[in-house]
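Residue 212, in the working numbering, is where the sequence shown stops; the numbers in between run on with no holes.
Every residue, glycine too, gets a C-beta built ideally from N, C-alpha and C.
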Amino acid sequence: MRHLRKTLTLIIVLFFNSSCSIFGGGDEEVGTKNRDIKYAQPKAPYKQLLLSSADAVWQSQKTGSTIAINSLCNKEHKSSLNSLKKNILSGIDDLKIESSKRITYNQSEAEKIIAHGTTEKVPIKVSVLIFKKRDCTFDIAYISRASLFSKEISVFETFLEGLVVP
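As C-alpha cells, then:
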C-alpha cells in the first residue's frame, strides 16, 4: 500500500505539472491561484497533502486515490476547453477517453472527462472537470489506480457538488 501511495502521489504531481504547462512555459509565473474557491474537504479516509503545484490535494489513506483542485487566473489566457483538456491529459500514456461531455457547472460551461491510461506503467483512471470562470481556469480531478476507481468515485462526486466558485 505504501508503494501505491507513492506512485499515486507521483502521478498527481505529473498530472498537475502537465496542466500548469497549459498556461505558459517553464518556471515563468503566468498567473495566480484563485483564492475564492469554497469547498468542504473530502472526509476520511482522505487526508490533505501539501503540494505546491495544486491549490489543494487530498489522498485516500485506504486506496491511495487523490482528489485535487488546480486553478490559474490570467486575463490574457484564452484557451478553449478542448485545448485545456488535451494539455491536462497529456501526462497520461496510452490515453483512452471513455467519456467527455459538456455540462454547466458553477454557472459556467465545463467539460467532464473520464479517461484511463498509464503513468510510470501503472494503469490509472481519472475523472476530470475543466471549466473557465471570468479570468480563471479550473481543473478538478479524481485520480486512481484503474482497478480501484469505482471504490471512491462517489467521494469525488460529492466533493464536486459542494464546490463553489463565486
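Shortest alpha-carbon distance to residue i belongs to which of the options?
i	options	result
residue 88	108, 147, 113	113
residue 111	141, 165, 80, 189	189
residue 223	142, 143, 158	Because the chain is modelled from 47 through 212, residue 223 falls outside the range shown and cannot be assessed.
residue 199	78, 99, 109	109
residue 83	203, 186, 142	186
residue 98	79, 90, 161, 85	79
residue 197	211, 207, 209, 172	172
residue 182	125, 93, 92, 193	125
residue 174	93, 206, 180	206
residue 132	115, 146, 120, 123	146
Look up residue i in the DSSP assignment and give the residues it is bridged to.
i	result
residue 274	Because residue 274 is not part of the residues shown, which for the chain are 47 to 212, the question remains open.
residue 239	Residue 239 falls outside the range modelled here, since the chain spans only 47 to 212, and no answer is possible.
residue 84	210
What is the rounded straight-line gap between the Cα of residue i and the Cα of residue j?
i	j	result
residue 140	residue 165	9 angstroms
residue 128	residue 107	33 angstroms
residue 101	residue 95	10 angstroms
residue 137	residue 118	18 angstroms
residue 160	residue 144	6 angstroms
residue 142	residue 167	15 angstroms
residue 103	residue 153	24 angstroms
residue 201	residue 151	18 angstroms
residue 155	residue 77	21 angstroms
Please indicate yes or no: does the CB of residue i lie closer than 7 angstroms to some heavy atom of the ligand NAP?
i	result
residue 158	The ligand NAP is not among the ligands present in this structure, which contains no ligands whatsoever.
Which whole-angstrom value is the C-beta distance of residue i and residue j, which I expect to be below 8 angstroms?
i	j	result
residue 86	residue 208	5 angstroms
residue 184	residue 177	5 angstroms
Practice task
With a floor of 3 residues, list each beta strand (DSSP E) that falls wholly inside the stretch 111-178, ordered by position along the chain.
Solution key: Within the stretch 111-178, the complete beta strand (DSSP E) runs of at least 3 residues are 112-119, 139-151, 154-165.
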